[in-house]
Amino acid sequence: MVCGVRGQDLLKQKKIDVFLNISAPTSLDGTKRAMRDLSDTLYLHFNEGRFGSLILFYNVYASAGRFTPTVVPILPLDATRFAGKKSLRTSPHLYLTPEELLPLLIEEYLFIELYRAFVESIASENGSRLRSMDNAGKNIDKKIDELMQLYRISRQEEITSEMLEIISGAEAIEIAR
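All the letters of the sequence shown, read from the start, carry residue numbers 9 to 185 under my numbering.
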């Protein structure tokens, strides 16, 4: 499964088969619904045995224009990933049996991990865009400064030339008298 045009192109170049191509939402508004649909679809395919593991590859925002490529295995669940997490002092009141609750928790976990990966990727991409626009703005300012300097030099040469013509004309009139 791949989300987004760049990922699709990259996997196509490497001749890697993908069973599901989806378009990335273009804003955060559509992200929640898209990630919910995606998590439901992936969980269904996983339970049907269409794939044996799900690993997320995405970029984590580090700073403007900088990101960290990240790999997170999602399914099947790795119990060691959750080892050492704080547990509740008392058992929660469950209204579902563990057999009913576990699939719901796994679905929610899948949704959260997909949502996190997507939002981190958006932040990384927008950070890179922001840095590019900032660099473009600096280049534009530099070019404007260079052009203003050329304009000033050209204008000064024009003024000097006009003054020389006026002085030459005045001298010619003076000589003619």
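Glycine included, every Cβ here is placed at the ideal spot set by N, Cα and C.
Keep in mind it's a predicted model, so treat the numbers as computed, not measured.
The residues 33, in chain order, have a CB closer than 7 Å to that of residue 42 in the same chain once the five nearest residues on each side in sequence are set aside.
For the pair of segments examined, the segment 112 to 121 was found to touch the segment 47 to 55: the number of CB pairs separated by less than 8 Å reaches three. Judged by DSSP secondary structure, residue 76 falls within the beta strand (DSSP E) whose first and last residues are 74 to 83.
Annotation: the segment 70 to 147 contains the following complete segments of the beta strand (DSSP E) (minimum length 3 residues), in chain order: 74 to 83. Taking C-beta atoms under 8 Å as the contact rule, residue 67 and residue 129 qualify, at a distance of about 5 Å. Residue environment for residue 91: exposed (fewer than 16 other C-beta atoms within 10 angstroms of its C-beta). In this structure, residue 163 sits away from residue 73, with a CB-CB distance that is not shorter than 7 Å. Linking residue 135 to residue 75 through their CA atoms gives a straight-line distance of about 9 Å.
Bounds of the alpha helix (DSSP H) holding residue 42 are 36 to 55. The Cβ-Cβ distance between residue 36 and residue 26 does not fall below 7 Å. The beta-bridge partner set that DSSP reports for residue 66 consists of 78.
With respect to the C-alpha of residue 87, the residue from 114, 98, 9 and 125 having the closest C-alpha is 114. Under DSSP, residue 30 takes part in a beta bridge, and its partners are 11.
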